[in-house]
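The opening position of the sequence shown corresponds to residue 1 in UniProt numbering, with each subsequent residue numbered one higher.
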Amino acid sequence: QDPKQITSALASVLAAGVCVLNVTQTIDYNGFYLSPRRAPRCILPSFFSYSACFLDTTIFPELQYPTVKFEDVGGNEETLKEVCKMLIHMRHPEVYQHLGIVPPRGFLLHGPPGCGKTLMAQAVAGELQLPMLKVSAPELVSGVSGESEQKLRELFDLAVSSSPCILFIDEIDAITPKRETASKDMERRMVAQLLTCMDDLNSLTMTTQILVIGATNRPDSLDPALRRAGRFDREICLGIPDEAARLRILRTLCRKLVLPEDFDYQQLARLTPGYVGADLMALCREAAMAAVNRVLLKAREPLQEQAQNCTPGLTGSGEQMVADMNHHQQGELWILVNLLKTTETLSEPELVSLSILMSDFQEALTHVQPSAKREGFATIPDVTWENVGALQEIREELTMAILGPVRSPQHFKALGLTAPSGVLLAGPPGCGKTLLAKAVANESGLNFISVKGPELLNMYVGESERAVRQVFQRGRNSAPCVIFFDEIDALCPRRSGASVRVVNQLLTEMDGLEGRQQVFIMAATNRPDIIDPAVLRPGRLDKTLYVGLPGPADRLSILLTITKVFQHPKTGDRARKCIANQKLSFWTC
């Protein structure tokens, strides 16, 4: 067990340029020096296994060679263009060297779960045909002091030795919290170590081609120093796809599926508001299972009928006869059990008839819940204008304020008009304010975020303001969308005492909406007199619509809408008119 022999073995292996294990003990022999802190990782042949006392066999991520291309990533083409611009230095480093500029070393991908962050990183590596080091940030955290930082250093050393390559750190927020709010010293040291490693990549003397990609669901929780220029230079938001993006994603996912030639992708895209890429993939899988069950059950129905027509006496003993009768009575369950017992392969005619129909996707929609609902969104409601009785004048105002800019943005741009930033619906309780907001979201096809005013309030200082920021951040990520504040008077009363901070935060976020497109605010209240006047100024909730008590004609329209699905005698119309004309002015919807 001579260290000299081990050192010479390490020297010969390092000369070959193969790396895997980490030296844990300092070795200094004949000018050959290996340090346990900054040592390269090396592989030893099997006949040097006795040297394990000097080596730490910590398993690091292996190099992956993804085969995913940009054509496999459906969705927003603008996002792909932005990513491609940041990859030029990986193919043409001489351009930046000639200009004397340090190329960008990394960018941050953020968005809700399932939106395609990992797939985007794999597509970058696959398109450039470069190896990728993929690591989940929690894997770098260790309970021993100093070991987490050492793992992080070794990860970047491995990336440098594997250059050119892509280093992908998933869930990066687990190791980069804000240092002023970090609860442990280890978290602060991890942030500082990552900042140092990123700065080392930016040194002018280093010509290695390494691109660091971070992914997170919570970009606001990252330390601000990590998001400055020179580290994660760009931030790319992969939000909830709109209808056009869902159409491209569905076409990409269904390339290898057996679908009818006249399959309507556009209709399926309309039926899936709030679905991200992972949800659409799960939807396709569920639809395929529904198609398999449909075809197999249909093919086995004749066998079931034949079994039911058989006489019970042919089944043998009495117990067996009772068991067979139970199977016959259970119908579909009997067919499924019979399929599980059958080992024969399906015939060619059965396979030819197997395809995924629109009805299979509609059945799958009842089982696959969109991630947007789990993240706090309320997707496009199922309320249409047909479900709204009366309120014709208000519907026309909402059409001009929200539906017009969505359907015909070129007309507004040609006339130099700006769309209203927000609409306030005021009126007595029960007059249809919330119903109108749902109908507008459905008619426009926009994502719909419903917020009950009091639910954002929190007893802890700063939490209410943070909840307001998160709502508007979700709105920006899912644009185009409608943010609907119900009972907004609870959120922004006239400023006094503790309500000042919440109102100021809301005003700041609403001012930011002036420069953003395709994000609209709707609010409802029955106490407009107690709302802070600054909220109602132009540029915020600048249009107020009064939803008052219905008159006789409006009451008749409401009754017709409510009772249209009922079976009623021929005298029903006369009865409804009689009810509507009664002096019931206090009636609401």
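Positions of the beta carbon are idealized from the N, C-alpha and C atoms, including for glycine. A quick note: this is a predicted structure, and the numbers were derived from the prediction, not measured.
Asked, Found
"Kindly indicate the opening and closing residues of the alpha helix (DSSP H) around ASN387.", "No alpha helix (DSSP H) contains ASN387, which DSSP labels as neither H nor E."
"Which stretch, first to last residue, makes up the alpha helix (DSSP H) that contains ARG228?", "Taken as a continuous stretch (DSSP letters only), ARG228 belongs to no alpha helix (DSSP H), as it is neither H nor E."
"Let me know the secondary structure DSSP gives ASN293 once reduced to three states.", "helix"
"For GLU344, does the three-state DSSP call read helix, strand or coil?", "coil"
"Just the Cα atoms here: how many angstroms apart are PRO131 and TYR460?", "47 Å"
"I'd like to know if the region 72-90 and the region 145-157 are in contact, where contact means that at least 3 CB-CB pairs between them fall below 8 Å.", "no"
"Classify GLN209 as helix, strand or coil using the three-state DSSP reduction.", "coil"
"How many angstroms separate the CA atom of GLU463 from the CA atom of ASN202?", "37 Å"
"Could you give the DSSP three-state label for SER450: helix, strand or coil?", "strand"
"Mind checking which residues open and close the alpha helix (DSSP H) that includes CYS84?", "77-85"
"Out of GLN64, LEU226, LEU195, CYS237, which has the shortest C-alpha to C-alpha gap to ALA479?", "CYS237"
"Verify whether the separation of the beta carbon atoms of ARG91 and VAL212 is less than 9 Å.", "no"
"Within its chain, find whatever has a CB closer than 6 Å to the CB of MET198; leave out the 5 residues flanking it on each side and keep chain order.", "ARG231"
"Quick one: using the 10 Å Cβ neighbour count with 16 as the cut-off for buried, is PHE520 buried or exposed?", "buried"
"Quick check on the burial criterion: 16 or more other C-beta atoms within 10 angstroms. Buried or exposed for PHE412?", "exposed"
"Which residues in the same chain have their Cβ closer than 6 Å to the Cβ of THR345, if we skip the five residues on either side of it in sequence?", "none"
"Hey, LYS178 and SER221 are a contact pair by Cβ (cut 8 Å); roughly how many whole angstroms apart?", "7 Å"
"What does MET400 pair with, by DSSP beta-bridge criteria?", "Paired residue(s): none; MET400 is not in a bridge."
"Quick one: what does DSSP say GLY126 is sitting in, helix, strand or coil?", "helix"
"In three-state terms, what does DSSP make of PHE232?", "coil"
"Would you say the region 92-112 touches the region 59-70, given that touching needs at least three Cβ pairs under 8 Å?", "no"
"Which partner residues does HIS110 have in the DSSP bridge list?", "THR216, CYS237"
"Tell me which residues share the same chain as ARG189 and place their Cβ nearer than 7 Å to its Cβ, disregarding the 5 neighbours each side in the sequence.", "GLU149"
"Is the distance from the Cβ of THR118 to the Cβ of ILE172 below 9 Å?", "no"
"Just list the residues that DSSP pairs MET522 with in beta bridges.", "VAL423, PHE484"
"Look at the alpha carbon of LEU297 and the alpha carbon of LEU259, and state the distance between them as a whole number of angstroms.", "19 Å"
"Please confirm whether residue 590 and GLU127 have their CB atoms less than 9 Å apart.", "Residue 590 is absent from the model: the chain starts at 1 and stops at 589."
"For the candidate residues THR208, ASP242, SER353, whose alpha-carbon lies nearest to that of VAL295?", "SER353"
"Quick one: give me the first and last residue of the alpha helix (DSSP H) that TYR96 is part of.", "93-99"
"Whose C-alpha, out of PRO428, ASN458, PRO420, is nearest the C-alpha of VAL482?", "PRO420"
"Any contact of the region 280-293 with the region 547-562, i.e. 3+ C-beta pairs under 8 Å?", "no"
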